[in-house]
Amino acid sequence: MRILSVDLKHFRCFSSLHIDFNSSVVLLTGSNGAGKTSVLEALHYACYLKSFKTSVPKEMAQLGSTGFNATITIASDAVSLDMLSVSFAHNRRTVKINQKTVSSFKELYGLYKAITMTEEDLMLVKGSPNLRRTFLDQFLTLLDPAYALILRKYKQVLDNRNALLAHYKGDHESYLLWTEQLWHLSRILQNKRIELLHTLETQALSLSGPVLGAEYSIKLVYEYARPYTITTQKSGADFVFYYPALLERELYQKRTLFGAHLDDFTIEFQQKSSRIYASRGQQKLIVFLLKLAQVTMLNQRAHNSVVFLIDDFMTDLDTTKAAALLELLIPLAAQTVITSPVRHSFLEQELSKYNATHNEL
1 MRILSVDLKH FRCFSSLHID FNSSVVLLTG SNGAGKTSVL EALHYACYLK
51 SFKTSVPKEM AQLGSTGFNA TITIASDAVS LDMLSVSFAH NRRTVKINQK
101 TVSSFKELYG LYKAITMTEE DLMLVKGSPN LRRTFLDQFL TLLDPAYALI
151 LRKYKQVLDN RNALLAHYKG DHESYLLWTE QLWHLSRILQ NKRIELLHTL
201 ETQALSLSGP VLGAEYSIKL VYEYARPYTI TTQKSGADFV FYYPALLERE
251 LYQKRTLFGA HLDDFTIEFQ QKSSRIYASR GQQKLIVFLL KLAQVTMLNQ
301 RAHNSVVFLI DDFMTDLDTT KAAALLELLI PLAAQTVITS PVRHSFLEQE
351 LSKYNATHNE L
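FYI, my numbering numbers position 150 of the sequence shown as 150, with every residue one higher than the one before it.
Following this line, the structure appears as structure tokens:
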């Protein structure tokens, strides 16, 4: 899979933009405000149907416009061309492949997958548990679109359980029913997340030597929400029996106090919390390695099946580390789009070794 071109209409600062991607490595440069990040945002949105900058789609529309369109021409193989179009207008999103409306992530991800890395991804190390849960859940959906159905069901059960707690009138049977369902779905999500963390850790460690040095280690540790952990019981009924004070506490707070939506994971660096003990440069390298691990996992399932979007993440790395990362990145056979705010001679020189094309906005 390779992107051949991108066309944007009324997206961010662009009334109209056409860019040809003529190689497997593409460098986008331009001054601040030129729209480099907006191009990557459009490519990201076409995959996840969410922006990495805003939760409000209409904010991506050009000032004065009511909507936007992003059309990506994709070479699926040596002979097939496909058109992926994502539009937003009148508060409604439309996704089409070759003019046919797409109704599921399975259809979308069968054609197009993207892994994105921006400065905001440092919050994967430093930010809230919600960001780390989203990191896992988005990637699990990329790997298996059916995971999105489990997440949707989980949210429905959680919403129903919270509604019951907010207006509880002694219906203990319904309380047990929603507890059993939430417990069961939590175990499914937790097991899938833990398995993914183990694989990501293994992949990241296999890549880390040239970047961090053989003496450094990375460990990803899943953390169950406390105090009401659900790992020692065999059912939701056992869980309720094990925590007899749970209902009283939940009625007091009017919300669910257990489940996968409250879990977290930590990134350990040299057996210590990377959030506290790793330097900013080390945190940046850890995030890069995790993203490379994601690309590796996707390509192991289907060769050349993903595009890697890197937004101004490499320009402040020292040249030795940047060169080492590029040497890891290029052999992964993923089309890579890199932005840089200035003409960066070292980056351009290194990328020229890999026949990169350069577009200046």
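Where a beta carbon is used, it is the ideal one built from N, C-alpha and C, also for glycine.
Just curious, the beta strand (DSSP E) that residue i is in, first and last residue?
i: Thr-141; result: Careful: Thr-141 lies outside any beta strand (DSSP E), inside the alpha helix (DSSP H) at 129 to 143.
i: Arg-2; result: 2 to 11
i: Met-83; result: 81 to 89
i: Lys-219; result: 218 to 223
i: Ala-70; result: 67 to 75
i: Thr-266; result: 264 to 269
DSSP state of residue i, grouped into three classes?
i: Phe-105; result: helix
i: Lys-96; result: strand
i: His-18; result: strand
i: Asp-171; result: coil
i: Leu-290; result: helix
i: Ser-274; result: helix
i: Asn-299; result: helix
i: Leu-27; result: strand
i: Leu-212; result: helix
i: Phe-52; result: coil
i: Tyr-242; result: helix
i: Asp-116; result: Here the sequence assigns Thr to residue 116, which means Asp is not the residue at that position. Thr-116: strand per DSSP, three-state reduction.
i: Leu-200; result: helix
i: Arg-255; result: coil
For the candidate residues the options, whose alpha-carbon lies nearest to that of residue i?
i: Thr-336; options: Thr-202, Val-157, Leu-28; result: Leu-28
i: Thr-73; options: Val-25, Val-86, Ala-302, Gly-259; result: Val-86
i: Ser-76; options: Ala-302, Leu-325, Arg-193; result: Ala-302
i: Phe-313; options: Ala-34, Leu-122, Val-26; result: Leu-122
i: Ser-217; options: Thr-231, Pro-227, Glu-201, Met-117; result: Glu-201
i: Ala-70; options: Val-79, Ile-97, Thr-54; result: Ile-97
i: Asn-32; options: Cys-13, Tyr-45, Lys-50, Val-26; result: Cys-13
i: His-198; options: Tyr-277, Glu-348, Thr-266; result: Thr-266
i: Gly-64; options: Asn-355, Thr-94, Ser-23, Phe-11; result: Phe-11
i: Ser-80; options: Phe-105, Thr-66, Thr-94, Leu-111; result: Leu-111
i: Asp-137; options: Met-83, Lys-36, Lys-192, Lys-272; result: Lys-192
i: Leu-164; options: Trp-178, Lys-113, Ser-38; result: Trp-178
i: Tyr-154; options: Phe-68, His-167, Gly-259; result: Gly-259
If contacts are defined as beta-carbon pairs under 8 Å, then residue i and residue j qualify, I think. What distance do you get, rounded to the angstrom?
i: Arg-161; j: Asp-264; result: Going by Cβ atoms, the distance from Arg-161 to Asp-264 rounds to 21 Å, so no, they are not a contact pair.
Could you spell out where the alpha helix (DSSP H) holding residue i opens and where it closes?
i: Ile-230; result: That residue, Ile-230, is in no alpha helix (DSSP H); it is neither H nor E in DSSP.
i: Leu-43; result: 36 to 48
i: Lys-58; result: Looking at the DSSP string, Lys-58 is not in any alpha helix (DSSP H), and its letter there is neither H nor E.
i: Lys-126; result: 123 to 126
Could you tell me whether any non-hydrogen atom of the ligand ADP is closer than 7 Å to the CB of residue i?
i: Phe-258; result: As far as ligands go, the structure on display features none, and thus does not contain the ligand ADP.
Can you list the alpha helix (DSSP H) stretches of 4 or more residues lying completely in the segment 144 to 169, in chain order?
With a minimum length of 4 residues, the continuous alpha helix (DSSP H) runs that stay inside the segment 144 to 169 are 146 to 166.
Report the start-end ranges of each alpha helix (DSSP H) in the segment 305 to 361 that is 4 residues or longer and not cut off at the edges.
319 to 329, 345 to 352
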